[in-house]
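*Asks:*
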Amino acid sequence: MMEHEVAQALTYANQADPRVQLNDANVDIWWEGLRTVDANAARWAIKKHYAGQNANGEGAHVINPATIRRLITAELNRREQTERALEPPKNKAPNPVSFRKRDPERWDALVRQGAEDRYNELTRRGIKVDPPKHMQATLNEGGFSVSESEK
């Protein structure tokens, strides 16, 4: 901020709160504290500070450069966190090929093993369940078949 912008911000604060004094010493102090702050951001912080006071006008302390910087910094941090939360994580690209597509044989073996483990656990506990499809006997493997005499 330039010195004349600091004087304008001080005048704006004085109009909102007559406890802020307009004098050369305050302009120098505010300019020292608000050199790196944007003029529009300082005006926003003054509005925010006094808009948050009680309805009867009590409860808000007199604004000063430290309060202005704190409000601006808090708002910038909030905006940055919001933007960061919306971005996908960096350096972590999702794998376009799933494990199932990369190694279908291993995937099938793990699925069969899981089904067998589950079947064995349930039968061990005495729960009647049908075995998984890959464990059921087929006609070619000597399972149930109809003999010629029974037809």
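Be aware that the sequence shown starts at 43, since it is given in this note's numbering, and climbs by one per residue. In this text, a Cβ means the ideal position worked out from N, Cα and C, and glycines have one as well.
1. To the nearest whole angstrom, what separates the beta carbons of Leu52 and Val62, a pair I think is in contact under 8 Å?
2. Kindly list the residues whose CB is nearer than 6 Å to the CB of Ala49, restricted to its own chain and excluding five residues on each side of it in sequence; keep chain order.
3. Would you call Ala127 buried or exposed, if buried means 16 or more other Cβ atoms sit within 10 Å of its Cβ?
4. Mind checking Ile114: buried by the 16 CB within 10 Å criterion, or exposed?
5. Three Cβ pairs or more, each shorter than 8 Å: is that satisfied between the region 102 to 119 and the region 84 to 91?
6. Grouping DSSP H, G and I as helix and E and B as strand, with all else coil, what is Asp59?
*Replies:* So, from the listed chains and residues:
1. Here the question's residue 52 lines up with position 10 in the sequence shown. Here the question's residue 62 lines up with position 20 in the sequence shown. Right, their Cβ atoms sit about 7 Å apart.
2. In the sequence shown, residue 49 corresponds to position 7, counting from 1. Closer than 6 Å at Cβ, skipping near neighbours: Val69.
3. Locating residue 127 in the sequence shown gives position 85, counting from the first residue. When all chains shown are included, Ala127 counts as exposed.
4. Here residue 114 corresponds to residue number 72 of the sequence shown, with the count starting at 1. Buried is the call here.
5. yes
6. Looking up residue 59 in the sequence shown gives position 17. Coil at Asp59, not helix or strand.
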